[in-house]
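Beneath this line is the structure, given in structure tokens, with notes to follow.
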Amino acid sequence: MTAPTGLIPKSKYFSLTPLDDGVWAALSIAGTGSWSNAGIIDLGEQTIIFDAFATPTAAADLRIAAKKLTGRPATVVLNSHYHFDHVNGNQVFQGIPIISTKLTREQIAVQQPRLIDVFKKNNTELLDQTKKEMEQEKSPEKRQELEYLLGDYSMIIKDTKRFKLTLPTITFENKITLNGVRMSAEFITYGGGHTISDSFLYLPKEQILFLADLMHIGYHADVRQGNADHWIELLKKVKKLKIKKIVSGHGTIGTAKDIDNMIDYLRTIKQIAIDWGRHGGTIENINEIEIPKNYASYGAPSIFHYNIKSLLEKGN
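Mapped onto full-length UniProt numbering, the consecutive letters of the sequence shown carry residue numbers 1 to 316.
This is the structure:
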């Protein structure tokens, strides 16, 4: 039996927002080690965890919350893509199916051990460097970004002894449907955009999307390990679905209109990179580029210039 709205569990790592009967967005609290948004979906007889945060500690709170909300332990975990902040909590859910695309599983197998090694071996250096950058940063927005990053790094490093590579146990090619007595959920991939392979969760009856990092709302979206053109085309395809609510990978809960905003963001940074190169701008002086007014208040502002650098290096 689903918990009443007034009994929604509290966590210092995330806040839970009801989206429909049996559907909750778990929105990351910045700097706590969760680092990305997640979801809990009660299909009836099955409980889905969508993405698993960056630390086992945050993921353990998500597991507890899911049981309190649905009256049963989580029965399946979905990994939207391979990035550390979405899959490092997998280890908390060992023993139940974890689902991803084949490409995502392959990337987790390669990338996850490397990052775990970095956090284990360079923890003092990483924290000291981030503190130093934060103290020297003059921009209030970037200083805030570094403060959150320091908090996330600190929590990740505290959890390193618990780290264990936990790979998806089931893979799919295009779509896998999970059916319950209450609702059905479709785990879908249209290919890659943010990464080499991105998946999202769609609840067709409720018209709710968990888009993971294909959608950022109020945050700069990172294109460095993806392809902006493919990302735009993927989002155009997503737009054809019936949508009432969207849970972003970073940021807030949105609507179908936010897909257009995301496409505009990707087009804008691409055009900025093209114009910069055409007018003699170089990678070395990209910090002279001002963030457009539409995105000046976005979180993670350093990502903007990383994006321009990446687009220039890739030839846009």
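C-beta atoms are modelled at their ideal positions from N, C-alpha and C, and glycine is treated no differently.
Q. Given that a residue counts as buried once 16 or more other Cβ atoms are within 10 Å of its Cβ, and exposed if not, what is V118?
A. Locating residue 118 in the sequence shown gives position 118, counting from the first residue. Classification of V118: exposed, given that the 10 Å Cβ count is below 16.
Q. With distances taken from CA atoms, which of E135, L16, P56, Y265 is nearest I303?
A. Locating residue 303 in the sequence shown gives position 303, counting from the first residue. When only C-alpha atoms are compared, the closest one is Y265.
**Q.** Cβ pair count under 8 Å reaching 3, the stretch 76-85 against the stretch 107-115
**A.** yes
(Q) Once the 5 residues before and after E133 are set aside, which same chain residues still bring their CB inside 6 Å of it? (A) Translated into positions along the sequence shown, residue 133 becomes position 133. Excluding positions up to five away in sequence, the list reads L146.
Q | C-alpha distance - A59 paired with F14, whole-angstrom precision | A | Position 59 of the sequence shown holds residue 59. Position 14 of the sequence shown holds residue 14. Between the C-alpha atoms of A59 and F14 there is a straight-line separation of about 10 Å.
Q.
Counting C-beta neighbours from all protein chains within 10 Å, is the total for K158 16 or more, i.e. buried, or is it exposed?
A. Reading the sequence shown from its first residue, position 158 is the one you call residue 158. By the neighbour-count rule (16 or more Cβ atoms within 10 Å), K158 is not buried but exposed.
Q | Cβ neighbours of G44 in the same chain (closer than 8 Å, five flanking residues each side left out) | A | Counted from its first residue, the sequence shown places residue 44 at position 44. Excluding sequence neighbours, G44 sits near G22, G180, V181, R182, M183.
(Q) Would R105 and P168 qualify as a contact pair, given that the criterion is a beta-carbon distance under 9 Å? (A) For the purposes of this step, residue 105 is taken as the residue at position 105 of the sequence shown. For the purposes of this step, residue 168 is taken as the residue at position 168 of the sequence shown. Contact flag set, yes.
Q. How big is the Cα-Cα spacing for L103 and T75?
A. The residue labelled residue 103 in the question sits at position 103 within the sequence shown. The residue labelled residue 75 in the question sits at position 75 within the sequence shown. Answer to the nearest angstrom: the Cα atoms are 23 Å apart.
Q. Ordered along the chain, which non-local residues of its own chain (more than five positions away) have a Cβ less than 8 Å from that of residue 321?
A. The chain is shown only over 1 to 316; residue 321 falls outside these bounds and no answer can be derived.
**Q.** Cβ pair G281, I289 closer than 9 Å
**A.** To locate residue 281, count along the sequence shown from 1; it is residue 281. To locate residue 289, count along the sequence shown from 1; it is residue 289. A contact, by the Cβ cut-off of 9 Å.
Q. Which class does H305 belong to by DSSP, given the choice of helix, strand or coil?
A. The residue labelled residue 305 in the question sits at position 305 within the sequence shown. Helix, per DSSP.
(Q) Taking 8 Å as the limit between beta carbons, can you name the residues of its chain near Y306, skipping five residues before and five after? (A) In the sequence shown, the residue the question calls residue 306 occupies position 306. Setting aside the 5 residues that flank it on each side, Y306 is surrounded in the same chain by D222, R224, each with a C-beta closer than 8 Å to its C-beta; the list follows chain order.
Q) Opposite P18 in the DSSP bridges: which residues? A) Indexing the sequence shown from 1 puts residue 18 at position 18. P18 is bridged to W24.
**Q.** Sub-9 Å separation of L203 and V238 beta-carbons
**A.** As a working note, residue 203 is residue 203 in the sequence shown. As a working note, residue 238 is residue 238 in the sequence shown. Not closer than 9 Å, so no.
Q) Taking the alpha carbon of W231 as the point to measure from, which residue in T124, D275, H194, A26 has its own alpha carbon closest? A) The residue labelled residue 231 in the question sits at position 231 within the sequence shown. The residue with the shortest Cα to Cα distance from W231 is H194.
Q) According to DSSP, what are the bridge partners of E186? A) Translated into the one-based positions of the sequence shown, residue 186 becomes position 186. In the DSSP output, where bridge partners are listed per residue, E186 has T177, Y202.
Q | DSSP-derived helix/strand/coil call for T70 | A | Within the sequence shown, the letter at position 70 stands for residue 70. In the structure shown, T70 adopts helical secondary structure according to DSSP, grouped into three states.
Q | Top-ranked residue by Cα proximity to G251, from T47, V92, S34 | A | What you label residue 251 is simply residue 251 of the sequence shown in a count that begins at 1. That would be S34, whose Cα lies nearest to the Cα of G251.
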